[in-house]
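Trainee: Here the sequence shown is numbered in our numbering, starting from 40 and rising by one per residue.
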Amino acid sequence: MNNRAKIIDGLKKAMEFYRELGFEYLPAKIEQKRSPLTPDPCPLPLNKDIALQALRDEIGDCTRCKLSRKRTNLVFGEGPHDAGIMFIGEGPGRDEDIQARPFVGEAGKLLTNLIVKLGLTREEVYIANIVKCRPPNNREPDEEEIATCMPFVERQAEIIKPGVIVSLGRISAQSLLGTRISISKIRGRFFDYKGIPLMPTFHPAYLLRNPKDKWLTWDDMKKVLEKLKGN
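#1: Do Ala-146 and Ala-34 have their beta-carbon atoms positioned less than 9 Å apart in this structure?
#2: What does a CB cutoff of less than 6 Å around Lys-68 pick up in its chain, not counting 5 residues either side in sequence?
#3: Would you kindly work out how many angstroms separate the C-alpha atoms of Pro-236 and Ser-223, rounded to a whole number?
#4: What residue from Arg-178, Phe-241, Leu-215, Pro-175 has the CA that sits closest to Phe-230's CA?
#5: Can the beta-carbon of Asn-168 be found less than 9 Å from the beta-carbon of Pro-141?
#6: Check whether the segment 171-187 and the segment 149-161 touch, using three or more Cβ-Cβ pairs below 8 Å as the test.
#7: May I ask you to report which of helix, strand or coil DSSP gives Lys-68?
#8: On the criterion of 16 or more Cβ atoms from any shown chain inside 10 Å, does Ser-221 qualify as buried, or is it exposed?
#9: Compute the distance between the beta-carbons of Ala-90 and Pro-201, then report whether it is under 9 Å.
#10: Leu-237 by DSSP, collapsed to three states: which one?
#11: Based on Cα-Cα distance, which residue from Thr-256, Lys-268, Leu-247, Arg-194 lies nearest to Tyr-232?
#12: State the CB to CB distance for the pair Asp-259 and Gly-234, rounded to an integer number of angstroms; the pair is presumed to be in contact (CB under 8 Å).
#13: Just to confirm the assignment, what range does the beta strand (DSSP E) spanning Ala-167 have?
#14: Excluding the five sequence neighbours on either side, which residues of its own chain have a C-beta within less than 7 Å of the C-beta of Leu-246, listed in chain order?
#15: Tell me the DSSP secondary structure of Ile-210 in three-state form.
#16: Name the two residues that bound the continuous alpha helix (DSSP H) containing Gly-269.
#17: Using a threshold of 9 Å, state whether the C-beta atoms of Leu-113 and Asp-96 are closer than that.
#18: Decide if Arg-209 is buried, meaning its Cβ has at least 16 other Cβ atoms within 10 Å, or exposed.
#19: Would Ile-166 and Gly-116 be called neighbours here (beta carbons separated by less than 9 Å)?
#20: Closest by CA to Leu-159, which one among Thr-240, Ile-124, Asn-249?
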């Protein structure tokens, strides 16, 4: 077997291994499916603040999926363009829908306390969600809704380029990593997300229902701090 054949054989085995773990891969020349209502990305301006505002303007008064029908406000995300940590949750809840800000309800209070425990303030981190409109009755967003909104959160991460992304909960982690593995099995270790270290951990809403697992999330956050200090 020549070197080329060995490389191809090795790649095939590696892909089979990751498929067994639940990760999904696409051939390099095949574009990932996009919603027909989701525009192609525009070139990013050099200034990050301008780039984020341009992205917000592009989203506009979004009606690209059915979540827009019952929302009060679109929740774009908030934080500095040079944030070291970017938290990405699932989607807005009732309080977030009213205030047009991410994580302001009870789960938001817990997230804020966690951020403070890290020695930071909310103003020093960036907070966003996989979908930007509240799913009715706080249900999980469906695959179509996630696919429609994902290009926008992807571009937020591309603009900000944080030192670490923290995905909060199953929906966030699975959407960003392209896997169906449960959050309990992937939390606590780093994955690569387009060159950015990504740490999956439990969603604050889950921790409100299961306070015994708060220490696990804090253990995850200590790893995040160590990663940032090493950058």
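Positions of the beta carbon are idealized from the N, C-alpha and C atoms, including for glycine.
Mentor: Straight from the coordinates:
#1: Any answer about residue 34 is impossible in this case: the structure gives the chain only from 40 up to 270.
#2: Because the pLDDT of Lys-68 is 33, which lies under 50, any placement of that residue in the model is unreliable, and the number read from its coordinates should be weighed accordingly. Once the five neighbours on either side are set aside, Lys-68 has no close Cβ partner at all.
#3: For Pro-236 and Ser-223, the gap between their C-alpha atoms comes out near 18 Å.
#4: Out of Arg-178, Phe-241, Leu-215, Pro-175, Leu-215 has the C-alpha closest to the C-alpha of Phe-230.
#5: A distance below 9 Å separates the beta carbons of Asn-168 and Pro-141.
#6: These segments do not touch.
#7: Legend: pLDDT at Lys-68 = 33, less than 50; position of this residue unreliable, no value from coordinates given.
#8: It counts as exposed.
#9: No, Cβ-Cβ distance for Ala-90 and Pro-201 is not below 9 Å.
#10: Three-state DSSP puts Leu-237 in a strand.
#11: In terms of CA proximity to Tyr-232, Arg-194 leads the group Thr-256, Lys-268, Leu-247, Arg-194.
#12: The C-beta separation of Asp-259 from Gly-234 comes to about 20 Å, leaving the pair out of contact by the 8 Å criterion.
#13: Per DSSP, Ala-167 belongs to the beta strand (DSSP E) from 165-168.
#14: Same-chain partners within the cutoff: Leu-149, Asp-252, Lys-253, Thr-256.
#15: In this structure, Ile-210 counts as helix in the three-state DSSP scheme.
#16: Residues 253-269.
#17: No, the Cβ-Cβ distance between Leu-113 and Asp-96 is not below 9 Å.
#18: With 16 or more Cβ atoms within 10 Å of its Cβ, Arg-209 is classed as buried.
#19: It is a contact, given that the beta carbons lie within the stated cut-off.
#20: It is Ile-124 whose Cα lies nearest to the Cα of Leu-159.
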